[in-house]
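Colleague: Please read through the structure below; I'll follow up with questions.
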Amino acid sequence: MFDTAQSPSWYRSTKTLLLASLSIAVVAASALYLFSGSRFSSNKDEAHYAELERHRAEQQRKAPSEAIAAPVGTGQIMEASVANSPEQATAPAPNSAEQNSVLVSNEQKAEGGNTNSGKTADQTQAGQAQVIAEAQTAEKKTPAAKPARNYWTNFRGPSRDGRYDETAVLTKWPSGGPPLLWRQPIGGGYASFVVADGTAFTIEQRRSQETVAAYNLETGRELWTNSWNAEFVESMGGDGPRTTPTWDAGRLYALGAKGELRCLDAKTGKPLWTRNILTDNGAQNLQWGMSASPLVVDDKVIVLPGGTSGKSVVAYNKLTGAPLWKSLNDRQAYTSPMLVTLGGKRQVMIVTASRVVGLAPEDGSLLWSYPWDTQMGINISQPIVVDRTRFFISAGYGKGAALVAVNGTGNSFTAEKVWENTSMKNKFNSSVLHNGHIYGLDEGILTCIEVETGQRKWKGGRYGYGQVLLASNHLIVTTDTGELVLVKADPSKHEELTRFPVLEGRTWNVPALASGRLLMRNATQMACFNLSTL
């Protein structure tokens, strides 16, 4: 071979041309591959949506009387309304005279709505106060629901910690798994379920619309839907909404991947008010979409738009949608806010892209802060309150875990590290606490660590980026390939009892457990099992 530096010009020109041609060929092949993949994905999605619609039509044909007619049913388009004022909550655009009457009444209730344009501020405030008083009176007149019926009303359970203690559950499963109540198609997305009054609620993607859907817990029959035009598409993370609705006192609060926040009547799906938390607060969407489920505290619904100028965390009036307070300048992450008590203080704990904070629920004031920087600000795992003063936090991408102590009095608190190591790295999932030990997926491998020291007790079994719940001294694990697994919550050893397939395809969604019924879903299928011992 001769030295190319000394080679003749014709050789260098030919080499350059060949390399350029090769580069063009690679780019063309890549484009063809991506186009083909996109085309295949599109065709596959269309087939899935067609299957979903056939299934729903068949359900209605068999027992139409069970379905509840919602103001906006399947196939009806509800345009997302944008308020003229950032202080104004609106109802979605009506599709009928009946819906229009609902729209007007709710606009009149909203702070700063157009229907109040001829009223004084005092009159508007008086009307707002009357709306709140009427709603609160109605709540008092309504008999309190039994706890067993309205238990799993938040993302990952009542305390958002993945712990189920409503009833005992079956811990001896046959090889084929516990009794299957139903399995059927579902729209796309990564939401979980909440359950109240015998109804399971979730949010899903149906073609170009985000759709909140209510299903009969025992039969899987769709009861109502509420949809709006929104489609979040992300090639790596997947398409569709990410948050889980929150149920409170007969109302359902649902947040779409593009920031649409809706308060719905949980019985009918009727829209009560709506806002877009991104446009409201001048915030940019996250790379992988809005993922923090709404949190209801007292008279507020708290969300995390991540806006600047003190609009990172926002509380709206849960009855009217009027803004109540705004706090922080942090870029938000993918965790959901939690109502906790630490250091004797009731507070809202939030994991942002760079720290963990405690806020006073009354006004959003900052109580304490603990630095928690992760790669690209990707915090996904929920913290766990360990005792009266301490919480556990974890993250993937090489970050690890920490135990943090919060102490103080009044509104003066400190947050200090107890220990920090890499024994547990929760990536797309969260851990659970049981008898002084933390159980969770360390980059896909089930791991047990001791709370007091952070020392790893064992590590075993591969579950991918699945999810973990705790019930009856056992771990209910869903794998990222759609399997359901039962594991003993035993710090002395890893003991897997049963594993069987349930869903097809990638399954990152958190399961839900209410009234002894275990709900699983992914972007194409959902299933319900009877784990009750009764």
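For the sequence shown, position 140 (counting from the first letter as 1) is numbered 124 according to the working numbering, and the numbering increases by one without interruption. Just so you know, even glycine gets a beta-carbon here, dropped at the ideal spot from N, CA and C. Keep in mind it's a predicted model, so treat the numbers as computed, not measured.
How many angstroms separate the CA atom of Glu218 from the CA atom of Asn301?
Modeller: Numbered from its first residue, the sequence shown carries residue 218 at position 234. Numbered from its first residue, the sequence shown carries residue 301 at position 317. About 32 Å.
Colleague: With DSSP as the reference, please indicate the residues paired to Trp257 in a beta bridge.
Modeller: The count along the sequence shown starts at 1 and reaches residue 257 at position 273. DSSP lists Cys247 as partners of Trp257.
Colleague: Nearest-angstrom Cα distance between Trp156 and Ser320?
Modeller: Residue 156 sits at position 172 when you count from the first residue of the sequence shown. Residue 320 sits at position 336 when you count from the first residue of the sequence shown. For the sequence presented, residue 156 should be read as Lys rather than Trp. Roughly 33 Å between the two C-alpha positions.
Colleague: Apart from the five residues just before and just after Pro475, which ones in its own chain have a Cβ nearer than 6 Å to its Cβ?
Modeller: Indexing the sequence shown from 1 puts residue 475 at position 491. Closer than 6 Å at the Cβ level, and outside the excluded window around Pro475, lie His421, Cys432 and Lys441.
Colleague: What does the Cβ neighbour count give for Asn265, buried or exposed, with the cut at 16 atoms within 10 Å?
Modeller: Residue mapping note: residue 265 aligns to position 281 of the sequence shown, counting from 1. Asn265 is buried by the Cβ-count criterion.
Colleague: Using DSSP bridges, identify the partner residues of Met322.
Modeller: Position 338 of the sequence shown, counted from the first residue, corresponds to residue 322. Paired residue(s): Met333.
Colleague: My parser needs the alpha helix (DSSP H) runs of 4 or more residues fully inside the region 395 to 424; what are they?
Modeller: Taking only runs of at least 4 residues, no alpha helix (DSSP H) segment lies wholly in the region 395 to 424.
Colleague: Output the boundary residues of the beta strand (DSSP E) element that contains Glu436.
Modeller: As a working mapping, residue 436 is identified with position 452 in the sequence shown. Per DSSP, Glu436 belongs to no beta strand (DSSP E) and is neither H nor E.
Colleague: Here's the rule I'm using: 16 or more other beta-carbon atoms within 10 Å means buried, otherwise exposed. How should Leu481 be labelled?
Modeller: Stepping through the sequence shown from its first residue, residue 481 is reached at position 497. Exposed, since its Cβ has fewer than 16 Cβ neighbours within 10 Å.
Colleague: Going by beta-carbon coordinates alone, are Asn410 and Gly450 separated by less than 9 Å?
Modeller: Reading the sequence shown from its first residue, position 426 is the one you call residue 410. Reading the sequence shown from its first residue, position 466 is the one you call residue 450. Not in contact: Asn410 and Gly450 (Cβ atoms no closer than 9 Å).
Colleague: Less than 9 Å between the beta carbons of Trp403 and Tyr174, yes or no?
Modeller: To locate residue 403, count along the sequence shown from 1; it is residue 419. To locate residue 174, count along the sequence shown from 1; it is residue 190. Their beta carbons are not under 9 Å apart, which means Trp403 does not touch Tyr174 by this criterion.
Colleague: With a threshold of 6 Å on Cβ separation, who are the neighbours of Tyr318 within its own chain once the five nearest residues in sequence on each side are excluded?
Modeller: Residue 318 sits at position 334 when you count from the first residue of the sequence shown. For Tyr318, where only same-chain residues beyond five positions count, the Cβ hits under 6 Å are Ser275 and Ile364.
Colleague: Does the region 458 to 470 come close enough to the region 392 to 402 that 3 or more CB-CB pairs lie under 8 Å?
Modeller: No, the region 392 to 402 does not touch the region 458 to 470.
Colleague: Measure the alpha-carbon distance for Ile368 versus Ile377 and round it to whole angstroms.
Modeller: In the sequence shown, counting from the first residue as 1, residue 368 sits at position 384. In the sequence shown, counting from the first residue as 1, residue 377 sits at position 393. For Ile368 and Ile377, the distance between alpha carbons rounds to 7 Å.
Colleague: Return the chain-ordered list of same chain residues with a C-beta closer than 8 Å to the C-beta of Leu454, the five sequence neighbours on each side being excluded.
Modeller: As a first step, residue 454 must be located in the sequence shown, where it is residue number 470. Closer than 8 Å at the Cβ level, and outside the excluded window around Leu454, lie Gly146, Arg147, Tyr148, Val416, Leu417, His418, Tyr423, Ile460 and Ala473.
Colleague: Could you pull the start and end residues of the beta strand (DSSP E) that Thr195 belongs to?
Modeller: Mapped onto the sequence shown, residue 195 falls at position 211. First-last of the beta strand (DSSP E) with Thr195: Gln193 to Asn200.
Colleague: For a test of the three-state rule: what should DSSP assign to Tyr449, helix, strand or coil?
Modeller: In the sequence shown, counting from the first residue as 1, residue 449 sits at position 465. Coil, per DSSP.
Colleague: With distances taken Cα to Cα, identify the nearest neighbour of Ala197 among Arg501, Ser211 and Val486.
Modeller: In the sequence shown, the residue the question calls residue 197 occupies position 213. For Ala197, the nearest C-alpha among the options comes from Ser211.
Colleague: What's the gap between the Cα of Cys512 and the Cα of Phe185?
Modeller: Start at 1 with the first residue of the sequence shown, and residue 512 comes out as number 528. Start at 1 with the first residue of the sequence shown, and residue 185 comes out as number 201. If you take the alpha carbons of Cys512 and Phe185, they lie about 13 Å apart.
Colleague: Identify whether Glu42 lies in helix, strand or coil by the three-state DSSP scheme.
Modeller: As a working mapping, residue 42 is identified with position 58 in the sequence shown. Correct three-state label for Glu42: helix.
Colleague: Whose C-beta lies closer than 7 Å to the C-beta of Val324 among residues of the same chain, with five residues either side of it excluded?
Modeller: Along the sequence shown, read from residue 1 onward, the residue named residue 324 stands at position 340. Closer than 7 Å at Cβ, skipping near neighbours: Gln331, Met333 and Val369.
Colleague: Cβ of Arg167 within 9 Å of Cβ of Gln509?
Modeller: Taking the first residue of the sequence shown as 1, we reach residue 167 at position 183. Taking the first residue of the sequence shown as 1, we reach residue 509 at position 525. Result yes, Cβ atoms of Arg167 and Gln509 sit closer than 9 Å.
Colleague: Could you tell me which residues DSSP puts in a beta bridge with Phe513?
Modeller: The count along the sequence shown starts at 1 and reaches residue 513 at position 529. Its beta-bridge partners are Leu164 and Leu502.
Colleague: Compare the beta carbon distance of Glu188 and Glu215 with 9 Å and say whether it is the shorter of the two.
Modeller: Taking the sequence shown and counting its residues from 1, one reaches residue 188 at position 204. Taking the sequence shown and counting its residues from 1, one reaches residue 215 at position 231. Their beta carbons are not under 9 Å apart, which means Glu188 does not touch Glu215 by this criterion.
Colleague: Alpha carbons only, please: which of Arg246, Glu206 and Leu288 is nearest the one belonging to Arg38?
Modeller: In the sequence shown, the residue the question calls residue 38 occupies position 54. That would be Glu206, whose Cα lies nearest to the Cα of Arg38.
Colleague: If I measure Cβ to Cβ from Ser349 and keep anything under 8 Å in the same chain, skipping five residues before and after, which residues do I get?
Modeller: Walking along the sequence shown from the start, residue 349 turns up at place 365. The answer, listed in chain order, is Ser311, Leu343 and Asn395.
Colleague: To the nearest whole angstrom, what separates the beta carbons of Leu164 and Thr517, a pair I think is in contact under 8 Å?
Modeller: Stepping through the sequence shown from its first residue, residue 164 is reached at position 180. Stepping through the sequence shown from its first residue, residue 517 is reached at position 533. Not confirmed; about 17 Å, so no contact.
Colleague: Considering just the uninterrupted stretch of the beta strand (DSSP E) at Leu312, what are its terminal residues?
Modeller: Within the sequence shown, the letter at position 328 stands for residue 312. Premise fails: Leu312 is in no beta strand (DSSP E) and is neither H nor E.
Colleague: With a Cβ-Cβ cutoff of 9 Å, do Val341 and Phe375 count as a contact?
Modeller: Position 357 of the sequence shown, counted from the start, is the residue given in the question as residue 341. Position 391 of the sequence shown, counted from the start, is the residue given in the question as residue 375. Not closer than 9 Å, so no.
Colleague: Since Leu239 and Ala250 should fall inside the 8 Å C-beta cutoff, what is the C-beta to C-beta distance between them, to a whole number of angstroms?
Modeller: Counting from one through the sequence shown, the residue named residue 239 turns up at place 255. Counting from one through the sequence shown, the residue named residue 250 turns up at place 266. Going by Cβ atoms, the distance from Leu239 to Ala250 rounds to 15 Å, so no, they are not a contact pair.
Colleague: Strictly by DSSP, which residues pair up with His458?
Modeller: Counting from 1 along the sequence shown, the entry for residue 458 is found at position 474. Answer by DSSP bridge pairing, in chain order: Ala455 and Lys472.
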